[in-house]
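Numbering-wise, numbering that gives the first Met the number 0 puts 76 at position 77 of the sequence shown, and it's gapless, one number per residue.
Glycine residues also receive a C-beta, built at the ideal position from the N, C-alpha and C atoms.
A quick write-up on the structure given underneath.
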Amino acid sequence: MKITFIGFGNMAKAIAAGLAGNSRYELRASAPSLPQNTSTAKIKTDPSNLAFLSDADVLILAVKPALMKTVLTEINEHLSSSCLILSIAAGLSLAWFDKQCKTTKPAIVRAMPNVAAAVAKSATPMIANARVTPLQKKWAEELFRQIGLAAWVDDEQQMNAFTALSGSGPAYIFLFMESMMQTAVRLGLPAETAQSFTLQTFAGAVSLSLAKKQPLAELREQVTSPNGTTAAALDIFMQQNLNTLVETAMQAAFKRANELEQS
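Set out below in structure tokens:
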């Protein structure tokens, strides 16, 4: 399967890294910053957006939302009628793409992977327009399941909620880990030790929750002894309304995704 990326920033690179190990995929990428006729890490590159379009089975649009209209204007007349387009741009609806591609009317899947695609741990919601065939849906599923969890969404309005949850979510976790690590250093631990123990603590908590399959509240209660150290820390989180803060932050991400969709 020939897969072409247009735009090759951090997210596209993460997806490509997750796919590169599968010999079924021939990966090509185009972006103005990429060298011409070069093959790096199993990916052919070219600065021209038109370089790898004519025979692409799947086209992954990975440019910033603000640049998408310009890119579509450039490539519209060069798309193969059988090509499946996967958009990973936040806030751009299927209706928006239909409006921009009135003449070509391509099959489009809107998806929102995250940066953990690079280690095959993404969580990717997907929704397809009416022109996507059952075979193409199978391609999209197969591709995104190579890089982690993937699931179809019935209501496109949910896509912006997924953006706030799993699309932006890794950054929330990184920030929380960063705060824990910095505090551990202030408490006297070496920076390297603080980092490794912070990462292992998060990895262990995730692995435990996946293995136990219990409600997260139950797992939290199991490790919280009355009047113990964990309870003392959690009391501070509750007093500072951590739940409200998280909700406010995610609502801001959701609102911004809606704004992008309407602009």
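Who are the Cβ neighbours of residue i in its own chain at under 6 Å, not counting the five residues just before and after it?
i: A193; result: M180, A183, V184
i: A50; result: S29
i: F4; result: A11, A28, I59, A61
i: N257; result: N159
i: T103; result: N75, L78
i: K43; result: R27
Between which two residues does the beta strand (DSSP E) harbouring residue i extend?
i: G147; result: 147-151
i: K265; result: Since the displayed the chain opens at 0 and closes at 262, residue 265 lies outside it and no answer follows.
i: S195; result: Element bounds for S195: not the beta strand (DSSP E) but the alpha helix (DSSP H), 190-211.
Evaluate residue i with the Cβ neighbour count: other Cβ atoms within 10 Å of its Cβ, from every protein chain shown; 16 or more gives buried, anything less gives exposed.
i: N48; result: buried
i: V205; result: exposed
i: F143; result: buried
i: R23; result: exposed
i: I172; result: exposed
i: A15; result: buried
i: S262; result: exposed
i: G8; result: exposed
i: T69; result: exposed
i: I146; result: buried
i: A106; result: buried
i: S53; result: exposed
Please report the straight-line C-alpha distance between residue i and residue j, rounded to a whole angstrom.
i: A150; j: Q35; result: 35 Å
i: T228; j: K120; result: 32 Å
i: E260; j: M67; result: 12 Å
i: Q156; j: L148; result: 20 Å
i: M237; j: R219; result: 13 Å
i: A19; j: D56; result: 16 Å
i: L26; j: A110; result: 18 Å
i: D153; j: K212; result: 25 Å
i: A248; j: P169; result: 13 Å
i: L209; j: N113; result: 19 Å
i: V245; j: A89; result: 20 Å
Which residues in the same chain as residue i place their Cβ atom closer than 8 Å to its Cβ, once the five residues preceding and following it in sequence are excluded?
i: M176; result: T197, L198, F201
i: V108; result: L83, I84, L85, S86, M125, I126, A127, N128, V131, Q135, K136, A139
i: A190; result: M180, V184
i: L91; result: P64, M67, R109, L259, E260
The alpha helix (DSSP H) spanning residue i covers which residue range?
i: A11; result: 9-18
i: M179; result: 168-185
i: T72; result: 64-74
i: I87; result: Unbroken run through I87: none, as it is neither H nor E.
To which residues of the same chain is residue i closer than 7 Å at the C-beta, ignoring the five residues directly before and after it?
i: S167; result: A252
i: L233; result: T223
i: P31; result: P46
Compute the minimum distance between the beta carbon of residue i and the heavy atoms of the ligand SAH, and state whether it is under 6 Å.
i: V70; result: In the structure shown, the ligand SAH is absent, as is every other ligand, since no ligand is present at all.
> Quick one: any contact between the segment 123-135 and the segment 79-96, if contact means 3 or more CB pairs under 8 Å?
Replying inline: yes
> Taking contact to mean at least 3 C-beta pairs separated by less than 8 Å, is the segment 160-171 in contact with the segment 201-221?
Replying inline: no
> Are at least three pairs of beta-carbons, each pair with one atom in the segment 130-139 and one in the segment 73-80, less than 8 Å apart?
Replying inline: Two segments are said to touch when three or more pairs of C-beta atoms, one from each, lie closer than 8 Å; by this definition the segment 130-139 does not touch the segment 73-80.
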